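*Asks:* Just so we're aligned, residue 31 is where the sequence shown starts under our numbering, counting upward by one.
In this text, a Cβ means the ideal position worked out from N, Cα and C, and glycines have one as well.
Since we're looking at a predicted model, the values are computed, not measured.
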Amino acid sequence: MRWWCWMLAVMLVLVSVKEMDSANILFLAPFGTISHKNFFMSIAEALAERNHTVTFVAGHQASNSRRRIKEVFVADTNIFSEFSSTFVRNQFSSFMKMFSMSPEYCGKILRSQELQEVQEEKFDLVMLGIVLSECFYSLINKLQVPYIHMTPNTLHESMSDLAGNPQFPSMVGNYLLDLGYPLTFTDRIKNIFSQMVYSVINMHYAIPRMAIASDVDAATLRDIRLNGSLVIVNSVEMLEVPVRPYVPTVIHAGGIHCKPAKPLPKDLEAWVAEAGDEGFIFFSLGSAFKASTMPEKYRLVLLKVFVSLKQRILWKWDQDTMDDLPPNVRLAKWLPQQDILGDPRLRLFITHGGLLSIQEATYHGIPILGMPIFVDQHHNVRQVQDEGWGRHQAWEELTYDLFLQNIHQVINDTKLRQEAVRRSVVMRDQPMSPGEWTVYWVEYVIRHRGAPHLRSPFFTMHWYEVYNVDVWLLLTGVMALVTWFFWWVILTVFSRVCSTIKHKQE
Ligand SMILES: *[C@@H]1O[C@H](CO)[C@@H](O)[C@H](O)[C@H]1NC(C)=O
């Protein structure tokens, strides 16, 4: 009898501890590419490992089931899937189209049967993917729980206001303009101008339309937009160029998806082993679009170069075979990218330069040859070249000679490899892993009910107060006035003296 009582008591304690510790979290991140989902999923997994339950409204169908993570997928609502399947496209017009169509997509999810069912549950916290998701602020308003922003990119200047972080258009370039660091005078003008245009479009076009899609007024949406407790960003703080100040509510989770390499699958291992001392090259253009939509002239150049190499080439390609495939090239639809990047026999990573791939290459210390296709990839690859651990190969300049030369350079230049290894060491040298760090801060927000004590003072100030523009204007005015007054005095005295001298001479 005594024994049973003890057992029951222990079980009760265990259950209550678990109840206290574990939160029910709603993830709203239905827009984005597969890479974006990978980033969000890494956060969800880190939380699930700590016994939290996550309901993840995702933009791509669940590929496998995970403990304590329930995925909800609303078909035909991920706006990114409509824009990211082919190789050639007009970047600017796609952007504008996406921007203008997003309220319709967001509203469709908000009113879906799936989301109505989700709302029957009780949540402790909402975590919201930033991109094109403003209509969900109305849902957050309804749930009345603290919420956290997440972005699969770095904290772009256009989002700094969500964190109440000071903006630095003087040193941080808009990634779409692809400005190098440090910014020149004209760069800074372009930068400020693009930022102003963006915020006018966002405040006066995007948000009002999102408000209509979500049945609340634009003012409410704007208020809730600035009420998030944290902004979780996909960036490694110590590797940012330039380093910059952050308020404590910006949480860097960059590299959260990076893992030490595991051994390769058996058949791949055998193929790599056969490559011998020359090693192998890994070529992947990511998951956002179909590699086979690549123009034929490019494919032919790639093949011609590959067949002339001593190394073997592992190529991520979305079809099973290729008619003219050289014997040293192996195709695969899916590959364990990080296990490959961590393999000591890998000589080179040829990549489209997506953010996650760049982070993985950094983590595993592998130099890259970047062949960017769209959006931030151009900027990412240029950054890598500036940082000295890789080269840039533009598709428009793809010729046999240049491509071969670039491949040889990245493989043989030991400086590039040393820099890649140095950056890997810097990336791993952090007080906590990105997963532990992120989970700590998410739990902090839950423990402190939204942590309002961390709210940035910038939220209650006008921009001209933040940057002291009014004070500077006053000071400049006073100085101008004083200068003008002294001039006036000097000129008057001088002309009097002159005229008296003239009088005396006459
Ligand atoms: C802002 O969030 C806090 C909790 O984090 C909540 O109490 C408050 O009502 C929210 N304000 C608005 C305008 O949603």
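Ligand 1 and residue 254: does any heavy atom of the ligand fall closer than 8 Å to the residue's C-beta?
*Replies:* Taking the first residue of the sequence shown as position 1, residue 254 is located at position 224. Yes, Cβ of residue 254 sits closer than 8 Å to a heavy atom of ligand 1.
*Asks:* Quick check: does the Cβ of residue 537 come within less than 8 Å of any heavy atom belonging to ligand 1?
*Replies:* There is no way to answer for residue 537, as the model of the chain reaches only from 31 to 536.
*Asks:* Mind checking whether residue 403 and residue 425 have CB atoms under 9 Å apart?
*Replies:* For the purposes of this step, residue 403 is taken as the residue at position 373 of the sequence shown. For the purposes of this step, residue 425 is taken as the residue at position 395 of the sequence shown. Yes, the Cβ-Cβ distance between residue 403 and residue 425 is below 9 Å.
*Asks:* With 16 as the cutoff for other CB atoms within 10 Å, does residue 97 come out buried or exposed?
*Replies:* Your numbering for residue 97 matches position 67 in the sequence shown. Exposed.
*Asks:* For residue 528, is the classification buried or exposed, using 16 other Cβ atoms within 10 angstroms of its Cβ as the cut-off for buried?
*Replies:* As a working note, residue 528 is residue 498 in the sequence shown. Exposed, because fewer than 16 other Cβ atoms sit within 10 Å of the Cβ of residue 528.
*Asks:* What is the DSSP secondary structure of residue 47, reduced to helix, strand or coil?
*Replies:* Looking up residue 47 in the sequence shown gives position 17. In this prediction, residue 47 scores a pLDDT of 47, lower than 50, which makes its location untrustworthy; the coordinate-derived value is nonetheless stated afterwards. It is helical.
*Asks:* To the nearest angstrom, report how far apart residue 270 and residue 293 are at their CA atoms.
*Replies:* Here residue 270 refers to the residue found at position 240 of the sequence shown. Here residue 293 refers to the residue found at position 263 of the sequence shown. If I take the Cα positions, the gap works out to 31 Å.
*Asks:* Could you tell me which whole alpha helix (DSSP H) segments of length 4 or greater appear in the stretch 444-491?
*Replies:* Within the stretch 444-491, the complete alpha helix (DSSP H) runs of at least 4 residues are 444-458, 464-477.
*Asks:* So if DSSP puts residue 312 in a beta bridge, which residue, or which two residues, is it bridged to?
*Replies:* Residue mapping note: residue 312 aligns to position 282 of the sequence shown, counting from 1. Answer is 344, 379.
*Asks:* Which of the three DSSP states is assigned to residue 137 in this structure?
*Replies:* Position 107 of the sequence shown, counting from 1, holds the residue named residue 137. The answer is helix: DSSP assigns residue 137 an H, G or I state.
*Asks:* What residues in its chain sit with their C-beta under 7 Å from that of residue 51, if we drop five residues either side in the sequence?
*Replies:* The residue you call residue 51 lines up with position 21 of the sequence shown. Excluding sequence neighbours, residue 51 sits near 81.
*Asks:* Looking only at C-alpha atoms, which of 90, 436, 99, 289 sits nearest to residue 373?
*Replies:* The count along the sequence shown starts at 1 and reaches residue 373 at position 343. Nearest C-alpha to residue 373: 289.
*Asks:* Inspect the beta-carbon positions of residue 392 and residue 457 and report whether they are closer than 9 Å.
*Replies:* Counting from one through the sequence shown, the residue named residue 392 turns up at place 362. Counting from one through the sequence shown, the residue named residue 457 turns up at place 427. Taking 9 Å as the Cβ cut-off, residue 392 and residue 457 qualify as a contacting pair.
*Asks:* Can you find the residues in the same chain that come closer than 6 Å, C-beta to C-beta, to residue 248, ignoring five residues on each side of it along the sequence?
*Replies:* Mapped onto the sequence shown, residue 248 falls at position 218. The answer, listed in chain order, is 237, 238, 241.
*Asks:* Does the beta-carbon of residue 133 have 16 or more other beta-carbons within 10 angstroms, so that it is buried, or is it exposed?
*Replies:* Taking the first residue of the sequence shown as 1, we reach residue 133 at position 103. Answer is buried; the Cβ neighbour count reaches 16.
*Asks:* Could you tell me which uninterrupted alpha helix (DSSP H) segments, each at least 4 residues in length, are contained entirely in the stretch 179-228, listed from first to last along the chain?
*Replies:* If we require 4 residues or more, the alpha helix (DSSP H) runs fully inside the stretch 179-228 come out as 190-193.
*Asks:* Taking 8 Å as the cut-off, is the CB of residue 284 close to at least one heavy atom of ligand 1?
*Replies:* Against the sequence shown, residue 284 aligns to sequence position 254. Incorrect: residue 284 has no Cβ contact closer than 8 Å to ligand 1.
*Asks:* Should residue 523 go down as buried or exposed, given a rule of 16 or more other Cβ atoms within 10 Å for buried?
*Replies:* Here residue 523 refers to the residue found at position 493 when the sequence shown is read from its first residue. The residue is exposed, with fewer than 16 neighbouring Cβ atoms inside 10 Å.
*Asks:* For ligand 1, is there any heavy atom lying closer than 8 Å to the beta carbon of residue 259?
*Replies:* If you number the sequence shown from 1, residue 259 lands on position 229. Yes, ligand 1 has a heavy atom inside 8 Å of this Cβ.
*Asks:* What's the gap between the Cα of residue 467 and the Cα of residue 210?
*Replies:* Residue numbering aside, residue 467 sits at position 437 when the sequence shown is read from its first letter. Residue numbering aside, residue 210 sits at position 180 when the sequence shown is read from its first letter. Cα to Cα, the separation comes out at about 30 Å.
*Asks:* Between the C-alpha atoms of residue 138 and residue 109, what's the straight-line distance to the nearest angstrom?
*Replies:* Reading the sequence shown from its first residue, position 108 is the one you call residue 138. Reading the sequence shown from its first residue, position 79 is the one you call residue 109. Using only the alpha carbons, I get a separation of about 11 Å.
*Asks:* Identify which residue in 204, 381, 89, 453 has its Cα closest to the Cα of residue 227.
*Replies:* As a first step, residue 227 must be located in the sequence shown, where it is residue number 197. Out of 204, 381, 89, 453, 204 has the C-alpha closest to the C-alpha of residue 227.
*Asks:* So what does residue 359 bridge to, in DSSP terms?
*Replies:* Locating residue 359 in the sequence shown gives position 329, counting from the first residue. Residue 359 pairs with 343.
*Asks:* For residue 424, which of helix, strand or coil comes out of DSSP?
*Replies:* If you number the sequence shown from 1, residue 424 lands on position 394. Coil, per DSSP.
*Asks:* Would residue 87 pass as a contact of residue 60 if the rule is Cβ separation under 9 Å?
*Replies:* As a working mapping, residue 87 is identified with position 57 in the sequence shown. As a working mapping, residue 60 is identified with position 30 in the sequence shown. Yes, the pair counts as a contact, with Cβ atoms nearer than the cut-off.
*Asks:* For residue 342, count neighbouring C-beta atoms within 10 Å of its own C-beta (all shown protein chains included) and say buried if the count is 16 or more, exposed if not.
*Replies:* Here the question's residue 342 lines up with position 312 in the sequence shown. Buried, since its Cβ has 16 or more Cβ neighbours within 10 Å.
*Asks:* Output yes or no for whether 9 Å exceeds the beta carbon distance between residue 358 and residue 399.
*Replies:* Within the sequence shown, residue 358 is the residue found at index 328, counting from 1. Within the sequence shown, residue 399 is the residue found at index 369, counting from 1. Not in contact: residue 358 and residue 399 (Cβ atoms no closer than 9 Å).
*Asks:* Beta-carbon within less than 7 Å of residue 175's beta-carbon, same chain only, minus the 5 sequence neighbours each way: which residues are those?
*Replies:* Taking the first residue of the sequence shown as position 1, residue 175 is located at position 145. Around residue 175: 153, 154, 155, 156.
*Asks:* Across which residues does DSSP place residue 282 in a beta bridge pair?
*Replies:* As a working mapping, residue 282 is identified with position 252 in the sequence shown. Looking at the DSSP assignment, residue 282 forms a beta bridge with 263.
*Asks:* List the DSSP bridge partners of residue 534.
*Replies:* On the sequence shown, residue 534 is found 504 positions in, with the first residue counted as 1. Partner(s): none; residue 534 has no beta bridge.
*Asks:* Could you check whether the Cβ of residue 421 sits closer than 9 Å to any Cβ belonging to chain B?
*Replies:* Note that chain B does not occur in the displayed structure, where there is just one protein chain.
*Asks:* Could you check the C-alpha separation between residue 279 and residue 386 for me, to the nearest Å?
*Replies:* In the sequence shown, residue 279 corresponds to position 249, counting from 1. In the sequence shown, residue 386 corresponds to position 356, counting from 1. C-alpha separation (whole angstroms): 23 Å.
*Asks:* Verify the contact flag: residue 176, CB atom, against every heavy atom of ligand 1, threshold strictly below 8 Å.
*Replies:* Taking the sequence shown and counting its residues from 1, one reaches residue 176 at position 146. For ligand 1, at least one heavy atom lies less than 8 Å from the Cβ of residue 176.
*Asks:* Can you say whether residue 47 is buried or exposed, counting buried as having 16 or more other CB atoms within 10 angstroms of its CB?
*Replies:* In the sequence shown, the residue the question calls residue 47 occupies position 17. For residue 47, the predicted model reports a pLDDT of 47, less than 50, meaning its position is unreliable; a value from the coordinates is still stated below. It is exposed - the Cβ of residue 47 has fewer than 16 other Cβ atoms within 10 Å.
*Asks:* When you compare the CB positions of residue 193 and residue 258, do they come within less than 9 Å of one another, or not?
*Replies:* In the sequence shown, residue 193 corresponds to position 163, counting from 1. In the sequence shown, residue 258 corresponds to position 228, counting from 1. In contact: residue 193 and residue 258 (Cβ atoms closer than 9 Å).
*Asks:* Using a 10 Å radius around the Cβ and a threshold of 16 neighbouring Cβ atoms, would you call residue 423 buried or exposed?
*Replies:* Your numbering for residue 423 matches position 393 in the sequence shown. Flag for residue 423 reads buried.
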